[in-house]
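Undergrad:
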């Protein structure tokens, strides 16, 4: 198998000064990752869990303390320059655009940096401008862009050279709902058409649900989970919640099969029922509720990714 | 896809990339005309004040370290002109700590060019042209007023001194950048030899004590950028540790500076990959 990302026993230590003593901190410990070309992987974990350190090792910025990494079949540190032509990276917190130049000029410079042929660069640029709806602020200097606009420009900049692998570190942080939506749609289309491999770190449940078909949870530098989101919720027993607004005050709905009554408001006008996706469906629960009272409005609350991660952490703490 | 971006284009592609980035920096500075004019003026003022310092000193004495006013103008001009050109093209390297903190350096790692070349070509400070102009005027005045025994050898020596001086100062900016990886707040320390070095270079090295001669004569070879070539050019007596013929050795000093800079830079980058985060 030709893995696009493959790490074996990847470990990274930092030495930090603690008063007069020097301590070693393991940011990443014995990490074994394998990602297939074309996959979309969510790399999830709390702040300080080792996500950024892993990304820096995969892209050739940091040297591993021990173990090995191969990205696009290359050794990241030794073959950094060749690798740079095959990967695109977006760091949510740092910009690769020139802050005092119009967005258009940044694209022109990046095309030169990656040595793209003029016609190819132009057609790709036009495609990205259209899909990420950048046209309206193409001539605006980067420092005057809103966060959402800048983020779209950043993503376009990272993908101008049509990389095989795109790594996004917190791409939707701070974006409004509409900007998030646009960005996700773009990434989905890009992946479908170009077969681009995606790896993203995020705290956003929506990113994971919409974009990723595989989740990796990292805890204190170790891999704590590898599988699908549904499997993740199942593993930790995270439940979905159906919230129903009823037409009249109703006694607590405690008898609905495969659900747990979480609470009621306004004499039972609004009630919350937790259920397991494995045992039943939202439709079945709704049907059962309708037998007791008329439903005028409803919402389904998904398990929060932060909560799921917390549960995973708690479980791994009890094991060890 | 990948085949469009890799291939046999090598250094030509890289050259085009550096040119594009540098061109955009020049464009950006020119587009803010008022700010650029103010920058030029303030840079000019600093240059003039430093030149005035030398002139004022010579109102009270005729000679310092065996050099008269015309000769010291030549030393000052040579040193300042070379330093200003190095500052123009390499000066932004000493913003390394800012680049590390802001993540600019990480962004450079993600581009397919060598790190140092990217850093050097990432900016250019055109305002230093004003400073270089002051140096050039002092240099021309020094050449006109001193008794230069003009010959092919003399012209060659001046040419060698200019190139070596530029390289030596440029190297000092790079070694400073390399060392700043180790001490993120190390700008104070590296400024001491980058800007202290520039100051030392524009003085007659003959007045230095021995420790200073060892440090700025050889380790950071500032005496080779101006004082020694001038002593050789004008056939003046050398001094302790710094005989007259050393003026021809400016390229050796430049080479040593480049070597030292390369070592500092490599060590710095290794350390960043080893210790940053």
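Protein chains in written order, with the working numbering: chain A, 995 to 1314; chain X, 5 to 281.
Think of the CB as a built atom: it goes at the ideal place given N, C-alpha and C, for glycine as much as any other residue.
It should be emphasised that the depicted structure is a prediction, and the values quoted were computed from it without experimental measurement.
#1: Compute the Euclidean distance between the alpha carbons of residue 1142 of chain A and residue 1210 of chain A, then round it to the nearest angstrom.
#2: Confirm, please, whether the CB-CB distance from residue 1084 of chain A to residue 1163 of chain A is below 8 Å.
#3: Would residue 1057 of chain A count as contacting chain X if we go by Cβ distances under 8 Å?
#4: Give the C-beta separation of residue 165 of chain X and residue 254 of chain X to the nearest angstrom, bearing in mind that I take them to be a contact with Cβ-Cβ under 8 Å.
#5: Under a Cβ-count criterion, where at least 16 other Cβ atoms within 10 Å of its own Cβ denotes burial, should residue 156 of chain X be classed as buried or exposed?
#6: Helix, strand or coil for residue 245 of chain X? Go by DSSP, reduced to three states.
#7: List the residues of chain A that residue 215 of chain X touches, going by C-beta distances under 7 Å, in chain order.
#8: How is residue 215 of chain X classed by DSSP in three states: helix, strand or coil?
#9: For residue 25 of chain X, go through chain A and note every residue whose CB falls closer than 9 Å to its CB, in chain order.
#10: When the cut-off is 8 Å and only beta carbons count, does residue 125 of chain X lie next to chain A?
#11: Using a cut-off of 8 Å between C-beta atoms, extract the partners of residue 1221 of chain A located in chain X.
#12: Between residue 272 of chain X and chain A, is there a C-beta pair that is closer than 8 Å?
#13: Residue 1214 of chain A and residue 1043 of chain A: beta carbons closer than 8 Å?
#14: Is the Cβ of residue 1287 of chain A closer than 8 Å to any Cβ of chain X?
#15: Report the residues of the segment 1071 to 1086 of chain A with a CB closer than 9 Å to any CB of chain X, ordered along the chain.
#16: If you draw a straight line from the C-alpha of residue 971 of chain A to the C-alpha of residue 1249 of chain A, how long is it?
#17: Select from A/1030, A/1005, A/1013, A/1027 the residue whose C-alpha is nearest the C-alpha of residue 1019 of chain A.
#18: Run through DSSP, which three-state label would residue 72 of chain X get?
#19: Run down chain A in chain order and give the residues with a C-beta less than 9 Å from the C-beta of residue 107 of chain X.
#20: Among all the DSSP beta bridges, which residues are the ones paired with residue 1002 of chain A?
#21: In the structure shown, what three-state DSSP assignment does residue 11 of chain X receive?
#22: Within a Cβ cutoff of 7 Å, which residues of the same chain sit near residue 1302 of chain A, ignoring the five residues on either side of it in sequence?
#23: If you measure between the beta carbons of residue 1298 of chain A and residue 1270 of chain A, is that distance less than 8 Å?
#24: Show which residues of chain A have a CB atom less than 7 Å away from the CB atom of residue 115 of chain X.
#25: Using CA atoms only, rank isn't needed, just tell me which of A/1029, A/1145, A/1283, A/1223 is closest to residue 1168 of chain A.
#26: Per DSSP, residue 1324 of chain A is paired with what?
#27: Taking the alpha-carbon positions, what's the residue 1293 of chain A to residue 1241 of chain A distance?
TA: Result, derived from the coordinates:
#1: Cα to Cα, the separation comes out at about 27 Å.
#2: Note that the C-beta distance between residue 1163 of chain A and residue 1084 of chain A is below 8 Å.
#3: Taking Cβ atoms only, chain X reaches closer than 8 Å to residue 1057 of chain A, which makes this a yes.
#4: 5 Å
#5: exposed
#6: coil
#7: Neighbours of residue 215 of chain X on chain A: none; closest Cβ ~32 Å, over 7 Å.
#8: helix
#9: 1092, 1103, 1106, 1107
#10: no
#11: Per Cβ cutoff of 8 Å: no residues; residue 1221 of chain A is ~29 Å from chain X at best.
#12: no
#13: Inclusion of residue 1214 of chain A and residue 1043 of chain A in the CB contact set at 8 Å is warranted, their separation being smaller than that value.
#14: no
#15: 1071, 1074, 1075, 1076, 1077, 1078, 1079, 1080, 1081, 1082, 1083, 1085
#16: The structure shown does not extend to residue 971 of chain A, since chain A is modelled only from 995 to 1314, so the question has no answer here.
#17: Distances from the CA of residue 1019 of chain A to each of A/1030, A/1005, A/1013, A/1027 were compared; the closest alpha carbon is that of A/1005.
#18: coil
#19: 1085, 1087, 1088, 1089
#20: Beta-bridge pairing links residue 1002 of chain A to A/1062.
#21: Note that residue 11 of chain X scores a pLDDT of 45, beneath 50, so its modelled location is shaky; the value from the coordinates is reported in the next line. Correct three-state label for residue 11 of chain X: coil.
#22: 1226, 1227, 1230, 1232
#23: Not in contact: residue 1298 of chain A and residue 1270 of chain A (Cβ atoms no closer than 8 Å).
#24: 1078, 1107
#25: For residue 1168 of chain A, the closest of A/1029, A/1145, A/1283, A/1223 by C-alpha to C-alpha distance is A/1145.
#26: Nothing can be reported for residue 1324 of chain A: it is not among the residues displayed for chain A, which extend from 995 to 1314.
#27: 15 Å
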